[in-house]
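19 is the number of the first residue of the sequence shown in my numbering; add one for each residue after it.
The beta-carbon is built from N, C-alpha and C at its ideal position, and this holds for glycine as well.
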Amino acid sequence: MSGDSTETRLARARAALGAVHQKVGVERVPDEAPALPLAEALGALLPQGLRRGQVVSVEGATSLMLALGAAASAAGSWTAIVGLPRVGVVAAARRGIELSRLALMPHPGVQAAQVVGACVDGMDVVMLGPRLALSHADRRRLASRARERGSVLIVAGQWDGANVSLKVESSRWRGLGSGDGRLREREMTVVVSGRSQGSRRRVNVTLDVDPGVAWARPGARTVIDEEVA
């Protein structure tokens, strides 16, 4: 498809999403729908769960974005990853994303708003890269569309008006010894804020990096302090 025009690629993406619409439907009732599944170890980050219709911004760790959507994907939700060319099927699978229900669109180009809009219409979780060609007006429309459809937007980088903002303040890797071993886990200190959060918090989360491990270890969750925003 590398030689295809932008219009052709967009048409194919819409056709693929149309097939998803026929299988799972697009009519949702966000106010009544339960939150999407979230790994227990990430519960300190989102105590109310991965709520439909919300925008969750993540700064500093693509692996955390994938981990947030992993439990929902494993439970049957459809996921789209748009504008993250460094995230491929291997990385997604290692974080627990079900590949049979995954759409990857690494380079949407100038059609980013249309592509993301189509994904929001048909997918439960839509992950967005930080450099998509989206204006402020596009972002407001997409956030509104996500609320209407009951989708969850998980976006890399800052997003004005995000319901939840997660910023990795610091991190360290574990697993390497003196000249041997391999990286096994990444411990992060995450600052949690946003419109729906009230107070600002710092949370310690540990993500395993072993292949096939989808989310943080259950024993790794620790809230280390709170402060008024």
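So, with DSSP's three-state summary, where would you put residue i?
i, result
"residue 46", "Note that residue 46 scores a pLDDT of 48, beneath 50, so its modelled location is shaky; the value from the coordinates is reported in the next line. Residue 46 falls in the coil class under three-state DSSP."
"residue 204", "strand"
"residue 169", "coil"
"residue 188", "strand"
"residue 155", "helix"
"residue 136", "helix"
"residue 149", "coil"
"residue 174", "strand"
Indicate whether residue i and residue j have their beta-carbon atoms separated by less than 8 Å.
i, j, result
"residue 95", "residue 119", "yes"
"residue 171", "residue 155", "no"
"residue 100", "residue 146", "yes"
"residue 80", "residue 54", "no"
"residue 86", "residue 122", "no"
"residue 157", "residue 178", "yes"
"residue 203", "residue 192", "yes"
"residue 210", "residue 63", "yes"
"residue 135", "residue 71", "no"
"residue 151", "residue 133", "no"
"residue 137", "residue 111", "no"
"residue 76", "residue 225", "no"
Please confirm whether any heavy atom of the ligand COA lies closer than 7 Å to the CB of residue i.
i, result
"residue 206", "As far as ligands go, the structure on display features none, and thus does not contain the ligand COA."
Taking the alpha-carbon of residue i as reference, which of the options has the nearest alpha-carbon?
i, options, result
"residue 117", "92, 101 and 102", "92"
"residue 58", "73, 147 and 89", "89"
"residue 186", "192, 179, 178 and 174", "174"
"residue 206", "78, 168 and 108", "78"
"residue 83", "188, 108, 143 and 138", "143"
"residue 130", "66, 153, 65 and 51", "153"
"residue 114", "190, 56 and 213", "56"
State the CB to CB distance for the pair residue i and residue j, rounded to an integer number of angstroms; the pair is presumed to be in contact (CB under 8 Å).
i, j, result
"residue 74", "residue 222", "About 19 Å separates the two Cβ atoms, so there is no contact after all."
request  = List in chain order: all unbroken alpha helix (DSSP H) runs of 4+ residues lying wholly within the region 47–120.
outcome  = DSSP runs (the alpha helix (DSSP H)) wholly in the region 47–120: 80–92 and 107–112.
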